[in-house]
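What follows is a single structure, written as structure tokens, with notes after it.
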Amino acid sequence: MVSAPFDYVAVHSYDDAVQQLAHFGDEAVIIAGGQSLVPMLNLRLARPSVLIDINGADLREPVIEGEVLRLPAMTRHRILMEHPLVRQYCPLLADAVRHVGNVRVRNRGTIGGSLAHADPTGEISSCALVLDAQAVVRSPDGERIVPVRELFVTYLTTALEHPEVITDVLVRVTRPRQGWSFHEMVRRTSDFAIVAVAAWIRLDERADVVAAAHVALAGVAGRVVLAAPELVAELIGIAPDEVTLAHVAAGIARSADPSSDVHASGDYRRRLVQVLSARALRDAFDKARGETA
Amino acid sequence: MTKRKVLLAVNGRGHEVWVTPSDSLLDILHDELGLAEVRYGCGEGVCGTCTVLLDGEPVNGCLMLAVQAEGHQVTTMLGLMGADGSMHPLQACFLRRGASQCGFCTPGMVLTAFDLVRRGRRPTREEIRYALIGSLCRCTGYTKIIDAIEEYAALAGSQGAPDGVTR
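Chains A and B, in that order, give the protein sequences.
Counting from 1, one number per residue, gives the positions in the first sequence under this note's numbering.
Counting from 1001, one number per residue, gives the positions in the second sequence under this note's numbering.
So, in structure tokens, the structure goes:
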């Protein structure tokens, strides 16, 4: 398949990018890694008139700023997988990104692009959600912070306004007594997830009981979703056993209403949510405890 | 859309080509520069037959625009071979192990394996399998391909690092 014709502008800064976006109007799109956009162009699922290429706009590396890991939007998946700061301070992302695409996709694909693409089965999006990450967004009027929990609207649609561009992703660093886990089910490794579950747990400072827990789900709705706090409230203040975890996981599964498609039935997806949520919470809890050992 | 002139560095040689913005790197390498080892498979980045190295790292030729490759070193399988057309040792391993049947996936497999081994570790079979996710073979089967890569990794490990790629 061959894309419809489009024009192309390479920019060397985010300021330039948003000005070009403003200039060309909403027929223009940003191209970062292009690993989701270009297939859509090739299949003519997207027909923008202009691509604005930000590959030359951002050559920064991940940095630690106090309790925050600042990931430049152009951080490629391979960097997430291999960078020592990401591996140490955000191991969930470094682990989950192994499930994204293949080696070629990870060499080009970016964290900013993944979030802006807003795929409802996205591994990185569900991790960003469970980590309560923040997107730094640039427009001609300046900068604003968009919590990732407010970013995803529906299928391939974010709360970004035209002409805004994500420039950074901010993640609180993972500390001892915090645990994380990512599980997904795919027909073949590297496929879009049928269901993916990311879990994050923080233990109480003094006892091995849960102080905070979050679960994010991919593949169950038009966007990645965070399980409602009341669904995991039962875990707070206890060291959950298998019965409690199964109960919580069943509640999370009941809250999801996935639709059926050619890949899987809604019932099967809901069943996966239950199984994977229990596993992910168990793993996250064990990791949180293991950090102290 | 108007064509523009780009300077592509491919296998150590500069090429001036006129491209439209929507031309993929794959289109230009295959159709304009006649590099038949860069192949259209799926057009979605899933199959690996259009794999090229961009500054030494495997990327999808079908998902890169030719205009984006300007200023970067592009290497195809031809770029691994000797100036006299002699095989790269990795290709010799593929041949010896019977890892290439119809050959359509071979250049992508070779470049992917080259990158894996160049990273300096002696990969396990499981690591080779992981690296080959997204490099689809539809006739040889993967066992002999993994055998060949394992043999090359052992060879490269015993002889020091293989040739640099951006020559």
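Glycine included, each C-beta is placed from N, C-alpha and C at the ideal position.
Go ahead and pull the three-state DSSP assignment for Y155 (chain A). coil
Give the residues of chain B in contact with P84 (chain A), contact being defined as C-beta atoms less than 8 Å apart. Near P84 (chain A) there are no residues of chain B at all, since even the closest Cβ is about 16 Å away, more than 8 Å.
Rounded separation between E205 (chain A) and V153 (chain A) - CA only: Each residue's CA atom was taken as its position, placing E205 (chain A) and V153 (chain A) some 35 Å apart.
Among A:R175, A:I79, A:R108, A:S36, nearest to A118 (chain A) - alpha-carbon criterion: A:S36
May I have the straight-line CA-CA distance separating S1158 (chain B) from L1035 (chain B), to the nearest angstrom? Approximately 32 Å, taken between the alpha carbons.
Close Cβ partners of E1016 (chain B) (< 7 Å) along its chain, the five nearest in sequence each way excluded: K1005, L1007
Taking the alpha-carbon positions, what's the D16 (chain A) to E143 (chain A) distance? Just so you know, the alpha carbons of D16 (chain A) and E143 (chain A) end up roughly 14 Å apart.
Please confirm whether G122 (chain A) has its beta-carbon closer than 8 Å to some beta-carbon of chain B. no
Contact between the region 1086-1098 of chain B and the region 1146-1154 of chain B is defined here as three or more beta-carbon pairs at a separation below 8 Å; is this criterion met? yes
Need the endpoints of the beta strand (DSSP E) that R1013 (chain B) sits in, please. 1013-1019
Opposite L226 (chain A) in the DSSP bridges: which residues? Per DSSP, A:A216.
Endpoints, the alpha helix (DSSP H) within which H117 (chain A) is located: 111-117
Would you report the Cα separation of Q134 (chain A) and I145 (chain A), rounded to the nearest angstrom? 6 Å
Distance, M74 (chain A) Cα to A32 (chain A) Cα: 7 Å
Please return the same chain residues whose Cβ sits closer than 6 Å to the Cβ of V130 (chain A), not counting the five positions on each side in sequence. A198, W200, H214, A216
Uninterrupted alpha helix (DSSP H) stretches inside the region 161-219 of chain A (no shorter than 4 residues): Qualifying alpha helix (DSSP H) stretches: none in this window.
Should A246 (chain A) and A278 (chain A) be called a contact, given that it needs their Cβ atoms to be closer than 8 Å? Contact: yes.
Within chain B, partners of T189 (chain A) - CB distance below 7 Å: By Cβ distance, chain B contributes I1133.
Over what stretch of residues does the alpha helix (DSSP H) that includes V1067 (chain B) continue unbroken? First-last for V1067 (chain B): undefined, no H or E at that position.
Within 8 Å of any Cβ in chain A, is that where the Cβ of D1163 (chain B) sits? Bear in mind that a pLDDT of 48 at D1163 (chain B), under 50, signals an unreliable position, so the number given afterwards is only what the model happens to contain. Not an interface residue.
What does Q1068 (chain B) reach in chain A if we use C-beta pairs closer than 9 Å? Y8, A10, I31, G34, D53, N55
P5 (chain A) touches chain B at which residues, Cβ-Cβ below 8 Å? M1001, T1020, P1021, S1022
Taking a Cβ distance cut-off of 8 Å, strictly less, list which residues of the region 1040-1067 of chain B are near chain A, in chain order. Residues G1043, E1044, G1045, V1046, G1048, T1051, L1054, E1057, P1058, V1059, N1060, C1062, L1063, M1064, L1065, V1067.
Return the first residue and the last residue of the alpha helix (DSSP H) that V1110 (chain B) is part of. 1106-1118
Quick one: what does DSSP say G1157 (chain B) is sitting in, helix, strand or coil? helix
Would you call the region 1046-1064 of chain B and the region 80-93 of chain A in contact, with 3 or more CB pairs under 8 Å? no
Between the region 149-165 of chain A and the region 246-262 of chain A, can you find at least three pairs of beta-carbon atoms closer than 8 Å? no
Cutting at 6 Å between CB atoms, please list the residues of its own chain near R47 (chain A), excluding the five before and the five after it. A4
If you follow the beta strand (DSSP E) that Q1091 (chain B) is part of, which residue opens it and which one closes it? Taken as a continuous stretch (DSSP letters only), Q1091 (chain B) belongs to no beta strand (DSSP E), being part of the alpha helix (DSSP H) at 1089-1096.
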